[in-house]
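Quick notes on the structure that follows.
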Amino acid sequence: MKTSSNHPGLLIVLEGIDGTGKSTQARLLADSLRHRDYRVILSREPTDGPYGLRLRESASTGRLSAEKELELFLQDRREHVETLIQPALEGGEIVILDRYYFSTMAYQGERGFDPAEIRRVNEEFAPRPDLLLLLDLSLDTALQRIGVRDGEGNEFERRESLQRCRDIFHSIEDDFLHVVDAERKVEEIQAGIMAAVEPLLASSRPQGSP
Numbered sequence: 009m010k011t012s013s014n015h016p017g018l019l020i021v022l023e024g025i026d027g028t029g030k031s032t033q034a035r036l037l038a039d040s041l042r043h044r045d046y047r048v049i050l051s052r053e054p055t056d057g058p059y060g061l062r063l064r065e066s067a068s069t070g071r072l073s074a075e076k077e078l079e080l081f082l083q084d085r086r087e088h089v090e091t092l093i094q095p096a097l098e099g100g101e102i103v104i105l106d107r108y109y110f111s112t113m114a115y116q117g118e119r120g121f122d123p124a125e126i127r128r129v130n131e132e133f134a135p136r137p138d139l140l141l142l143l144d145l146s147l148d149t150a151l152q153r154i155g156v157r158d159g160e161g162n163e164f165e166r167r168e169s170l171q172r173c174r175d176i177f178h179s180i181e182d183d184f185l186h187v188v189d190a191e192r193k194v195e196e197i198q199a200g201i202m203a204a205v206e207p208l209l210a211s212s213r214p215q216g217s218p
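Reminder that position 141 of the sequence shown reads as 149 in the working numbering, one-by-one numbering, no gaps.
Right under this line is the structure:
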């Protein structure tokens, strides 16, 4: 399996709708690779930088306009790529991301933007992943995990929103995509992820590899 990049490092991205356990699995993957003496950077989007913090704060203070939200995501990601992702990849490290521009395609696409155009704009500056792990989950399980208990109206709206996001995620057809069943136990999901990562490690040999 060849990597999709022209740098010595590896870019592994975990994506999926809310409730799929991306953050847990990203951490477990990073820990597993570090225990094998790989050099690993674990990061997330939105980041903890100034643009990312504005996005995170809006989750509790009220969602921004669709246009402003998309603008901040692009600014946050551009800074993320320039200051962390690209230098780490060029240094031969494995970069693991909890969300990337595919989430922007899904969630801002759900707000009315063209997912294909979002992707085009992002890929002008953001490197494509070597492996995209899409954690897939039914809407019923996702809603149960994220705890939507604000009444039937709110749950209906959230279900409709998540369905549109899930549909956009499932429209991705790249060779670097690997779909992971996230309905299973944490350790079973982890095993499925490692099975997808191992061939990439064997073929690329990032710096610091055993």
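Note that beta-carbon positions come from the ideal geometry of N, C-alpha and C, so glycine has one too.
Q.
Buried or exposed, going by whether 16 or more other CB atoms sit within 10 Å of the CB of lysine 30?
A. Counting Cβ neighbours within 10 Å, lysine 30 comes out buried, since at least 16 surround it.
Q) How close, in whole Å, do the beta carbons of isoleucine 25 and leucine 145 come, if the pair is a contact with beta carbons under 8 Å? A) Right, their Cβ atoms sit about 7 Å apart.
Q. Mapping DSSP to helix, strand and coil, what is serine 51?
A. Three-state result, serine 51: strand.
Q. For the alpha helix (DSSP H) that valine 205 lies in, which residues bound it at each end?
A. Where valine 205 is concerned, the enclosing alpha helix (DSSP H) stretches over 194-212.
Q. Is the beta carbon of glutamate 101 less than 9 Å from the beta carbon of valine 48?
A. Against a cut-off of 9 Å, the Cβ pair of valine 48 and glutamate 101 comes out as a contact.
Q | cysteine 173 to leucine 22 span [Cα, whole Å] | A | Cysteine 173 and leucine 22 have their C-alpha atoms some 15 Å from each other.
**Q.** CA nearest to the CA of asparagine 14, picked from Ser51, Gln94, Glu195 and Glu77
**A.** Of the residues Ser51, Gln94, Glu195 and Glu77, the one whose Cα lies closest to the Cα of asparagine 14 is Gln94.
Q | Any C-beta of chain B under 9 Å from that of threonine 91 | A | As a matter of chain content, chain B is missing from the structure shown, which is built from one protein chain.
Q) DSSP on leucine 143, reduced to helix/strand/coil? A) Looking at leucine 143 - three-state DSSP - the assignment turns out to be strand.
Q) In terms of residues, what are the limits of the alpha helix (DSSP H) holding aspartate 39? A) From DSSP, the alpha helix (DSSP H) with aspartate 39 extends over 30-43.
Q: With a 10 Å radius around its C-beta and 16 neighbouring C-beta atoms as the bar for buried, classify glutamine 152 as buried or exposed.
A: Looking at its Cβ environment, which holds fewer than 16 other Cβ atoms inside 10 Å, glutamine 152 is exposed.
Q.
For phenylalanine 81, tell me which candidate among Arg127, Ser40 and Pro207 has the shortest Cα-Cα distance.
A. That would be Arg127, whose Cα lies nearest to the Cα of phenylalanine 81.
Q: Tell whether a beta-carbon distance below 9 Å holds between alanine 150 and tyrosine 109.
A: No.
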